[in-house]
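Visitor:
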Amino acid sequence: MKWLNVQTKALSVRKISFTTLLLSTMLTLMGCGGTDKIDTSKLEVDVWLKGRAEQDLAQLQDELKRVDNIENSIVLVDVPKHKYRWHSVHGIANSRTNLTLQKGDNFRTGSITKLLTAIRVLQLYEQGLLALDQTLDEILNDSDIPADWRVTDLSVYQGQSMASAITVRQLLQHTAGLHDYLFEQSPTGTSLFWAILDDATGAVPSGMASKQWSAEALLLYYFSSGMGQVPTSQPGGAFNYTDTHYMLLAVIIEKLTGMSLAENYRLGIFSKANMADAYLEWYEPPQSAPPVDHFIDTRQIRSDGSNINIVAKAINTSADWGGGGVVSNAEGLKNLLSALFNDELFNDPNTLTQMMTFVPIMEAEHSTKDVHLTEYNYGLGLIERVYTLPNKRKVKIYGHSGFYGHWAFYEPKTKTSIVIALNQSATTSDWLDRIVEILDNAQLFGLSL
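Every letter in the sequence shown is one number past the one before it in full-length UniProt numbering, and letter 20, counting from 1, is 20.
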């Protein structure tokens, strides 16, 4: 009967007068370039969320259960303005103990960590410890670099050192042009990522899967592999996503504060954003439970591939440090986004404005039936996804994605948080796009005709 009542209310929403519909359409179409204004004043959004959205999200969760390489998942949609919350899980958290997944379970956030690193850098910017257009060689010196190497060796483009041209802003925005130490193949061999996986599976034993890394060891690997000699571009060039940028930002954070990166996260972010359970895995004692099972499906890449449970294989992932080392849970990431966009992490609102200075990542390609991702941009550690909805309405969400099929995004005008943890690297953002479509169909972003 409760669902029947909700449906009855939902039907009443549809009885909007023709005049209201016509006026709404005219207002929407007046701006030929589309509008990002959201007006739900005449809509019973609460009813739509608890009715249609609830049903569609349940269907999405059922679809996740049927994907053969997704062994567990967490989906959190929080719309406090309308007192709506969807938090669902499925699957096994630990294949060794057969424990089922719980809503508060931890996972490796992957590159969502970059958002935290960027926030901490911008906090140091507010404190006057660095400038965004300050160059690398003004902050780091040769004593900060492993022996036998120099700061000038970080990037040598066409025979000329670029260290004096690389800025903090470029590192934050992935326009410094540095070679990716983690995923790109080095001039001397395979990528570090594949070296770790090949060791874990026994394909090419090397000890890499159990190696405990440090900042110095990561820098030494970067230099000794010849990566400084093969930058992707000059500083200030096109966007090129690389973990090396955020590895160097983490080095800068530790140098300027005299504290570990883990301590910086806790002082500047975890304590302010209600993320008490979060921690920098491998670099500090766990502050809460270990991460649940995560998978890397290599079957589409290699003929002898498999769906590798990297937690069960005890793979040490400390190589992904300032760019991907934080462990948290869905609630913690929701709190992070809320704190960021509600003036709890920066002293000056202009700092967030700086963070939201974007460059294009690539042409947007993803779309669902009614929702199209038309812009995909990168700020200072922050991703912007711009969706074009029916009648040229636009919705912009902000956050970051992570390697293991993770997305944490926020829509500021409705204060909506979306956190997805699929714990599987071989997946796409279609799931995030689907949730945006579901929320639009529930009228959260205004009238859809």
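Every residue gets a Cβ at the ideal spot worked out from N, C-alpha and C, and that includes glycine.
If the criterion is Cβ atoms closer than 8 Å, does the pair VAL292 and ASN98 meet it?
Guide: Indexing the sequence shown from 1 puts residue 292 at position 292. Indexing the sequence shown from 1 puts residue 98 at position 98. Going by C-beta atoms, VAL292 is not nearer than 8 Å to ASN98.
Visitor: Verify the contact flag: VAL311, CB atom, against every heavy atom of the ligand SAM, threshold strictly below 7 Å.
Guide: In terms of ligand content, the structure shown is empty, and the ligand SAM therefore cannot be addressed.
Visitor: Give me the Cβ distance between LEU178 and SER155, rounded to the nearest whole Å; I'm assuming they're in contact under 8 Å.
Guide: The residue given as residue 178 occupies position 178 in the sequence shown. The residue given as residue 155 occupies position 155 in the sequence shown. Indeed, because the Cβ distance is near 6 Å, the residues count as touching under 8 Å.
Visitor: What are the boundary residues of the alpha helix (DSSP H) that ASN264 is part of?
Guide: In the sequence shown, residue 264 corresponds to position 264, counting from 1. Per DSSP, ASN264 belongs to the alpha helix (DSSP H) from 261-265.
Visitor: Whole angstroms is fine: what's the gap from TRP282's alpha carbon to ASP105's?
Guide: In the sequence shown, residue 282 corresponds to position 282, counting from 1. In the sequence shown, residue 105 corresponds to position 105, counting from 1. TRP282 and ASP105: Cα-Cα distance of roughly 18 Å.
Visitor: Would you say ALA442 and ARG150 are within 8 Å of each other, going by their C-beta atoms?
Guide: Numbered from its first residue, the sequence shown carries residue 442 at position 442. Numbered from its first residue, the sequence shown carries residue 150 at position 150. It is not a contact, given that the beta carbons lie outside the stated cut-off.
Visitor: Identify the residues that DSSP records as bridge partners of TYR84: which are they?
Guide: Residue mapping note: residue 84 aligns to position 84 of the sequence shown, counting from 1. Beta-bridge pairing links TYR84 to VAL79.
Visitor: To test your reading of the DSSP string, which unbroken alpha helix (DSSP H) runs of 4 or more residues are found completely within the stretch 209-264?
Guide: With a minimum length of 4 residues, the continuous alpha helix (DSSP H) runs that stay inside the stretch 209-264 are 215-224 and 243-257.
Visitor: Please check the pair THR152 and SER161, which I expect to be a contact at CB under 8 Å, by giving their CB distance rounded to whole angstroms.
Guide: Here residue 152 corresponds to residue number 152 of the sequence shown, with the count starting at 1. Here residue 161 corresponds to residue number 161 of the sequence shown, with the count starting at 1. That pair is a contact at about 4 Å.
Visitor: Within 8 Å, do at least three Cβ pairs link the stretch 48-63 to the stretch 391-400?
Guide: Contact fails: fewer than three Cβ-Cβ distances are below 8 Å.
Visitor: Could you check where the alpha helix (DSSP H) with VAL121 kicks off and where it finishes?
Guide: For the purposes of this step, residue 121 is taken as residue 121 along the sequence shown, with counting starting at 1. That run of the alpha helix (DSSP H) goes 113-126.
Visitor: Within its chain, find whatever has a CB closer than 6 Å to the CB of GLY305; leave out the 5 residues flanking it on each side and keep chain order.
Guide: Reading the sequence shown from its first residue, position 305 is the one you call residue 305. These residues qualify, in order along the chain: THR298 and ARG299.
Visitor: With a threshold of 6 Å on Cβ separation, who are the neighbours of ALA209 within its own chain once the five nearest residues in sequence on each side are excluded?
Guide: Locating residue 209 in the sequence shown gives position 209, counting from the first residue. For ALA209, where only same-chain residues beyond five positions count, the Cβ hits under 6 Å are ILE196, ASP199, ALA200 and ILE315.
Visitor: Which residue's Cα is closest to the Cα of LYS211: PHE341, ILE418, GLU254 and ALA319?
Guide: For this step, residue 211 is matched to residue 211 along the sequence shown. Of the listed residues, the one whose Cα sits closest to LYS211 is ALA319.
Visitor: For ARG150, which of helix, strand or coil comes out of DSSP?
Guide: Translated into positions along the sequence shown, residue 150 becomes position 150. Correct three-state label for ARG150: coil.
Visitor: Return helix, strand or coil for PRO290, following the three-state DSSP convention.
Guide: By 1-based counting over the sequence shown, the position of residue 290 is 290. In the structure shown, PRO290 sits in coil (DSSP, three-state: anything other than H, G, I, E or B).
Visitor: Are the Cβ atoms of LEU337 and GLY379 separated by less than 8 Å?
Guide: Residue 337 sits at position 337 when you count from the first residue of the sequence shown. Residue 379 sits at position 379 when you count from the first residue of the sequence shown. Against a cut-off of 8 Å, the Cβ pair of GLY379 and LEU337 comes out as no contact.
Visitor: Ignore the nearest five residues each way along the sequence and tell me which others in GLN134's own chain have a CB closer than 6 Å to its CB.
Guide: Here residue 134 is taken as the residue at index 134 of the sequence shown, counted from 1. Counting only Cβ-Cβ distances below 6 Å, and skipping sequence neighbours, we find VAL168.
Visitor: Taking Cβ positions, are LEU249 and LEU130 nearer each other than 8 Å?
Guide: Numbered from 1 along the sequence shown, position 249 holds the residue referred to as residue 249. Numbered from 1 along the sequence shown, position 130 holds the residue referred to as residue 130. In this structure, LEU130 does not lie closer than 8 Å to LEU249 by Cβ.
Visitor: Fully enclosed by the stretch 302-336, which beta strand (DSSP E) runs are 3 residues long or longer?
Guide: List check, beta strand (DSSP E) in window: 307-309 and 326-328.
Visitor: State the Cα-Cα distance for the pair GLN138 and ASP46, rounded to the nearest angstrom.
Guide: Taking the sequence shown and counting its residues from 1, the one referred to as residue 138 is at position 138. Taking the sequence shown and counting its residues from 1, the one referred to as residue 46 is at position 46. The question names Gln, but residue 138 is Glu in the sequence shown. Near 53 Å, if we compare the C-alpha coordinates of ASP46 and GLU138.
Visitor: Determine the DSSP secondary structure at PRO349, reduced to helix, strand or coil.
Guide: The sequence position of residue 349 within the sequence shown is 349, counting from 1. If DSSP states are grouped into helix, strand and coil, PRO349 belongs with the helices.
Visitor: Taking TYR376 as the reference, which of SER367, VAL386 and ASP370 has the closest Cα?
Guide: Residue mapping note: residue 376 aligns to position 376 of the sequence shown, counting from 1. Considering only alpha carbons, the answer is VAL386.
Visitor: Taking the Cβ atom as the reference point for each residue, do LYS81 and LYS415 lie within a distance shorter than 8 Å?
Guide: Counted from its first residue, the sequence shown places residue 81 at position 81. Counted from its first residue, the sequence shown places residue 415 at position 415. Yes. Within cutoff.
Visitor: Looking only at its own chain, which residues have a Cβ that is under 7 Å from the Cβ of ASN240, when we skip the five neighbours before and after it?
Guide: The residue given as residue 240 occupies position 240 in the sequence shown. Only HIS174, GLY177, THR232 and SER233 meet the Cβ criterion.
Visitor: Alpha carbon to alpha carbon, how far is ALA203 from ASN69?
Guide: Looking up residue 203 in the sequence shown gives position 203. Looking up residue 69 in the sequence shown gives position 69. Straight-line Cα distance between these residues: approximately 21 Å.
Visitor: Take the Cβ of SER328 as the centre, count every other Cβ of all protein chains shown within 10 Å, and call the residue buried at 16 or more, exposed below.
Guide: Position 328 of the sequence shown, counted from the start, is the residue given in the question as residue 328. Burial call: buried.
Visitor: If we call anything under 8 Å between Cβ atoms a contact, is PRO146 one with LEU220?
Guide: Along the sequence shown, one-based indexing puts residue 146 at 146. Along the sequence shown, one-based indexing puts residue 220 at 220. Yes; because the gap between Cβ atoms is below 8 Å, this pair is in contact.
Visitor: Excluding five sequence neighbours on each side, which residues of the same chain lie with their C-beta closer than 7 Å to the C-beta of LEU22?
Guide: As a first step, residue 22 is located in the sequence shown; it is residue number 22 there, counting from the start. Model confidence at LEU22 stands at a pLDDT of 37, short of 50, so the residue's coordinates are unreliable; what they give is reported in the following sentence. No residues qualify anywhere along the chain.
Visitor: I need the straight-line Cα distance from LYS272 to ALA339, nearest angstrom please.
Guide: Position 272 of the sequence shown, counted from the start, is the residue given in the question as residue 272. Position 339 of the sequence shown, counted from the start, is the residue given in the question as residue 339. Cα to Cα, the separation comes out at about 8 Å.
Visitor: Does DSSP classify ARG385 as helix, strand or coil?
Guide: Translated into positions along the sequence shown, residue 385 becomes position 385. DSSP places ARG385 in strand when its eight states are reduced to three.
Visitor: Can you give me the Cβ contacts of GLN229 inside the same chain, cut-off strictly under 6 Å, excluding the 5 residues immediately before and after it?
Guide: Position 229 of the sequence shown holds residue 229. Closer than 6 Å at Cβ, skipping near neighbours: VAL156.
Visitor: Among the candidates SER303, LEU422 and PHE295, whose CA atom is the shortest distance from the CA of HIS90?
Guide: Residue numbering aside, residue 90 sits at position 90 when the sequence shown is read from its first letter. Nearest of SER303, LEU422 and PHE295 to HIS90, Cα basis: LEU422.
Visitor: In chain order, which continuous runs of the alpha helix (DSSP H) of length 4 or greater are located wholly inside the stretch 155-187?
Guide: Taking only runs of at least 4 residues, the alpha helix (DSSP H) segments lying wholly in the stretch 155-187 are 168-173.
Visitor: What are the boundary residues of the beta strand (DSSP E) that includes ASN377?
Guide: Counting from one through the sequence shown, the residue named residue 377 turns up at place 377. Looking at the DSSP string, the run of the beta strand (DSSP E) that includes ASN377 is 372-378.
Visitor: Enumerate in chain order the residues of its own chain whose CB-to-CB distance from LEU116 is below 7 Å, with the five nearest sequence positions on each side excluded.
Guide: On the sequence shown, residue 116 is found 116 positions in, with the first residue counted as 1. Answer for LEU116: TYR265, ILE269 and VAL326, listed in chain order.
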